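The numbering used here puts the first residue of the sequence shown at 233, with every later residue one more than the last.
Backbone N, C-alpha and C fix where the C-beta goes; we use that ideal spot for every residue, glycine too.
Values in this document were obtained by computation on a predicted structure and should not be read as measured data.
To start, the structure under review is shown below, and the notes come after it.
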Amino acid sequence: MRKLLTGAAVALSAAVPGAVAAVGPGAQAAPSRPVSAPPTPHAAAPAVPAAQARPDLAKLVTLKDVQRHLSAFQEIADYNGGNRAVGGQGFGVSVRYVVGRLKKAGYKPRVQRFTFPYWRERSAPVLARVAPSKASYKVGTDFLTFAYSGVGRVTAPVAAVDLPSSGEGTSGCESGDFAGFRKGSIALMQRGTCAFATKVAKAKAAGAAAAVIFNKPGEKGPVNGTVEKLAPIPVVGPSYQVGAELAKAAKKGGLKMRVKTDAVHGKQSGSNVVADTRRGRAGNVVLVGAHLDSVPAGPGINDNATGAAALLAVAEKIGKLGGKDVRNRVRFAWWGAEEEGLVGSTHYVRSLGAAERGRIALALNFDMLGSPNGTRAVYDGDHSARLGTVPPAGSGAIEKVFRDYFAGRHLPVTQTAFDGRSDYGPFVAKGIPAGGIETGAEGVKTAAEAKAYGGKPGKAYDPCYHAKCDRMKNVDLKLLDTNVDGVAYATQRFAASTLPVNGEARVVAVPAAPYRPEWQGPFLVR
233 MRKLLTGAAV ALSAAVPGAV AAVGPGAQAA PSRPVSAPPT PHAAAPAVPA
283 AQARPDLAKL VTLKDVQRHL SAFQEIADYN GGNRAVGGQG FGVSVRYVVG
333 RLKKAGYKPR VQRFTFPYWR ERSAPVLARV APSKASYKVG TDFLTFAYSG
383 VGRVTAPVAA VDLPSSGEGT SGCESGDFAG FRKGSIALMQ RGTCAFATKV
433 AKAKAAGAAA AVIFNKPGEK GPVNGTVEKL APIPVVGPSY QVGAELAKAA
483 KKGGLKMRVK TDAVHGKQSG SNVVADTRRG RAGNVVLVGA HLDSVPAGPG
533 INDNATGAAA LLAVAEKIGK LGGKDVRNRV RFAWWGAEEE GLVGSTHYVR
583 SLGAAERGRI ALALNFDMLG SPNGTRAVYD GDHSARLGTV PPAGSGAIEK
633 VFRDYFAGRH LPVTQTAFDG RSDYGPFVAK GIPAGGIETG AEGVKTAAEA
683 KAYGGKPGKA YDPCYHAKCD RMKNVDLKLL DTNVDGVAYA TQRFAASTLP
733 VNGEARVVAV PAAPYRPEWQ GPFLVR
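Spelled out as structure tokens, the structure:
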């Protein structure tokens with residue numbers, strides 16, 4: 233889960249086809265950073281005359297419905313090691329809970345299983361200077377181990393690799409950057425331009441014994457990155473401040489460091505839960521998703537039991553809508569292993585053929601809906617903030633549906649970029665229009681946001697992000713309540729019609745631009 237685009241404009245106006253079964257009696261199977269802009273008003277959708285009023289899913293789904301599921305997820309974590317992380321008993325029981333509730337509501341859910349590379353640190357890493365002066369750096373504050381780092385202990389001279397004098401640069405992105413590199417040295421590189429995996433591969437090819445990739449100027453803290461696949465050498469990511477000090481020392485000559493990493497790795501299993509509504513055209517599917525897993529550190533109630541519970545509550549009540557309100561099939565999906573790098577949603581999308589992907593009209597994603605110091609961020613479907621990747625055509629219409637709904641209730645919204653931080657990523661990469669809501673993670677609330685939403689400026693949107701304290705008390709119920717209304721409203725709106733998104737017709741999904749995300753779930757990739 234990602235931080236919001238701080239300083240963004242605040243508007244205060246107004247079936248896996250062939251595998252995922254349809255639901256209900258007699259149902260048939262489905263066929264095989266900162267943004268500077270003035271407040272922008274958005275007109276509310278016109279009211280429906282009372283004589284023509286239809287069931288309102290946003291009113292049918294109550295906060296109590298969602299709280300009941302949140303309490304269940306909390307209890308599951310409390311009795312299963314304190315978390316609901318994939319691979320653990322807490323996640324397995326969470327899957328069974330969701331499946332059980334869906335069956336009770338008349339669905340025929342499918343559990344889609346998958347395996348993925350497992351990597352977890354076994355003991356604390358070490359980053360230290362041993363010559364010409366000595367210094368030890370603090371894990372978490374000064375540096376972090378990259379996910380999928382190789383394991384080892386290295387004490388060796390440090391060689392700076394094409395470090396820029398200022399700005400981002402392309403350090404380690406080109407083979408020529410390693411001209412004259414002495415084998416057995418530790419490669420000191422700066423984050424920028426290309427993927428970390430590229431930098432590490434080129435460093436290894438040049439004979440590096442370890443890689444130290446420090447942050448870019450202007451970025452706070454160490455690099456929380458991933459090299460995506462198990463690396464052959466240790467890889468750590470210091471902060472820019474630490475990296476700049478090391479670069480200065482390396483330039484003088486004689487810098488020698490010690491790097492130690494220790495982790496376990498192998499294969500692990502996970503699962504997605506997917507279920508379709510009984511009504512609706514199977515050739516025009518509205519996919520509504522949220523990740524079900526937590527991190528190992530805690531129960532993950534805001535991140536992301538709030539999204540999972542909201543989906544479950546909506547799924548339980550959508551059957552009360554009539555055929556005119558569910559013209560399109562709605563597919564609910566609870567993703568596994570999001571916290572491992574969007575593994576479950578990526579597996580799902582890869583499991584679909586081109587024709588099957590073409591049946592998905594749009595994908596909605598809900599990841600963290602009740603951050604205690606949060607905002608209400610809508611994914612930037614029209615790319616007006618010019619941050620993150622350019623989303624597929626139709627995503628702007630999804631953004632407008634959310635904006636217009638909240639404007640009609642005089643609730644403020646901000647924007648958040650499509651940068652790969654959550655489970656919309658695999659869909660955007662395949663050209664499927666996407667959208668959704670989030671309320672913020674480790675990012676810091678601005679003064680403007682505090683004025684619009686209340687809360688504390690200069691503090692994290694969620695102070696318990698990825699921590700043991702992410703429990704029921706860590707959820708802003710008022711913010712969650714209004715966001716669940718938005719989830720329900722958008723689901724009903726697109727179940728009735730996807731006209732502004734795709735013309736209500738099956739299309740060949742085409743990415744708007746090459747997909748180059750900055751994140752892969754909770755980890756930076758470049």
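Could you give the uninterrupted runs of the alpha helix (DSSP H) lying entirely in the segment 287 to 366, keeping only those of 4 residues or more?
List check, alpha helix (DSSP H) in window: 289 to 292, 295 to 310 and 321 to 336.
Quick one: is residue 661 buried, meaning 16 or more other Cβ sit within 10 Å of its Cβ, or exposed?
Counting other Cβ atoms within 10 Å of its Cβ, residue 661 reaches 16 or more and is therefore classed as buried.
Rounding to the nearest angstrom, what Cα-Cα distance links residue 505 and residue 599 in this structure?
The alpha-carbon atoms of residue 505 and residue 599 are separated by roughly 16 Å.
Taking the alpha carbon of residue 752 as the point to measure from, which residue in 670, 658 and 682 has its own alpha carbon closest?
Taking only the C-alpha atoms, the option nearest residue 752 is 658.
From 655, 714, 369 and 715, pick the residue whose C-alpha is nearest to that of residue 492; which is it?
Of the residues 655, 714, 369 and 715, the one whose Cα lies closest to the Cα of residue 492 is 369.
When the Cα of residue 727 is compared with those of 669, 705, 646 and 630, which residue comes out closest?
Nearest Cα to residue 727 within the set 669, 705, 646 and 630: 630.
Distance between residue 569 and residue 375 (C-alpha atoms, nearest Å):
Cα-Cα distance, rounded: 25 Å.
Could you give the C-beta distance for residue 716 and residue 293, rounded to a whole number, given that I count them as a contact under 8 Å?
About 6 Å separates the Cβ atoms of residue 716 and residue 293, confirming a contact at the 8 Å cut-off.
Where residue 574 falls, given that 16 or more other Cβ within 10 Å makes a residue buried
Residue 574 counts as buried, since no fewer than 16 other beta carbons sit within 10 angstroms of its beta carbon.
Simplified DSSP assignment, three categories, for residue 380:
Three-state DSSP puts residue 380 in coil, outside helix and strand.
Burial state of residue 540, where buried means 16 or more other Cβ atoms lie within 10 Å
Under this definition residue 540 is a buried residue.
Apply the 10 Å Cβ neighbour rule to residue 742 and answer buried if 16 or more other Cβ atoms are within range, or exposed otherwise.
So residue 742 ends up on the exposed side.
Would you kindly work out how many angstroms separate the C-alpha atoms of residue 330 and residue 615, rounded to a whole number?
When the Cα atoms are used, residue 330 and residue 615 turn out to be separated by approximately 34 Å.
Kindly list the residues whose CB is nearer than 7 Å to the CB of residue 748, restricted to its own chain and excluding five residues on each side of it in sequence; keep chain order.
Result list for residue 748: 621, in chain order.
Checking 9 Å against the spacing of the C-beta atoms, do residue 498 and residue 349 come in under that value?
Taking C-beta atoms as the reference points, residue 498 and residue 349 count as a pair closer than 9 Å.
For residue 517 versus residue 582, is the C-beta distance shorter than 9 Å?
Contact: no.
Near residue 679, which residues of its chain fall below 7 Å by C-beta distance, leaving aside the five closest residues on each side in sequence?
Closer than 7 Å at the Cβ level, and outside the excluded window around residue 679, lie 689.
To the nearest angstrom, report how far apart residue 744 and residue 623 are at their CA atoms.
When rounded, the distance between both Cα atoms is 6 Å.
Going by CA-CA distance only, name the one from 355, 439, 382 and 427 that's closest to residue 388.
Ranking 355, 439, 382 and 427 by Cα distance to residue 388 puts 439 first.
Inter-residue spacing [alpha-carbon to alpha-carbon] between residue 605 and residue 364
Answer to the nearest angstrom: the Cα atoms are 45 Å apart.
Going by the CB atoms, is the gap between residue 381 and residue 495 shorter than 9 Å?
Yes, the pair counts as a contact, with Cβ atoms nearer than the cut-off.
Straight-line CA distance for residue 444 to residue 687?
In a straight line, the C-alpha of residue 444 is about 38 Å away from that of residue 687.
Is it a yes or a no for the segment 455 to 467 touching the segment 291 to 307, going by three-plus beta-carbon pairs under 8 Å?
Result no; under three Cβ-Cβ pairs closer than 8 Å.
Using a threshold of 9 Å, state whether the C-beta atoms of residue 428 and residue 474 are closer than that.
For residue 428 and residue 474, no; Cβs fall outside 9 Å.
Counting Cβ pairs closer than 8 Å, one from the segment 332 to 349 and one from the segment 474 to 483, do we hit at least three?
Under the Cβ criterion (8 Å, minimum of three pairs), the segment 332 to 349 does not count as touching the segment 474 to 483.
Let me make sure I understand the geometry here. Which of 602, 701, 316 and 589 has the alpha-carbon closest to that of residue 718?
When only C-alpha atoms are compared, the closest one is 602.
Every unbroken beta strand (DSSP E) within the segment 464 to 541, with a cutoff of 3 residues, ordered by chain
If we require 3 residues or more, the beta strand (DSSP E) runs fully inside the segment 464 to 541 come out as 467 to 470, 488 to 493, 495 to 508 and 513 to 523.
Would you tell me roughly how many angstroms separate the C-alpha atoms of residue 460 and residue 734, rounded to the nearest one?
About 33 Å.
Exposure label - residue 510; buried when at least 16 CB within 10 Å:
Counting Cβ neighbours within 10 Å, residue 510 comes out buried, since at least 16 surround it.
Which of the three DSSP states is assigned to residue 627 in this structure?
In the structure shown, residue 627 sits in a helix (DSSP, three-state: H, G or I).
Would you kindly work out how many angstroms separate the C-alpha atoms of residue 210 and residue 730, rounded to a whole number?
Nothing about residue 210 can be reported from this structure: the residues present for the chain run from 233 to 758 only.
Which ranges does the alpha helix (DSSP H) cover as unbroken runs of at least 4 residues, wholly within the segment 569 to 611, from first to last along the chain?
Those alpha helix (DSSP H) runs which fall completely within the segment 569 to 611 and span 4+ residues are 575 to 582 and 586 to 590.
With a threshold of 8 Å, are at least 3 pairs of Cβ atoms found where one atom belongs to the segment 414 to 432 and the other to the segment 391 to 406?
Using a Cβ-Cβ distance cut-off of 8 Å, the segment 414 to 432 and the segment 391 to 406 are in contact, since at least three pairs of beta carbons, one from each stretch, lie closer than that value.
Which runs of the beta strand (DSSP E) at least 3 residues long sit entirely within the segment 389 to 455? Give them in chain order.
Counting whole runs of 3 or more residues, the segment 389 to 455 contains the beta strand (DSSP E) stretches 418 to 422 and 442 to 446.
Name, in chain order, the residues that DSSP records as bridge partners for residue 385.
The bridge partners DSSP lists for residue 385 are 492.
Those residues which DSSP pairs with residue 669 across a bridge
Looking at the DSSP assignment, residue 669 forms a beta bridge with 598 and 610.
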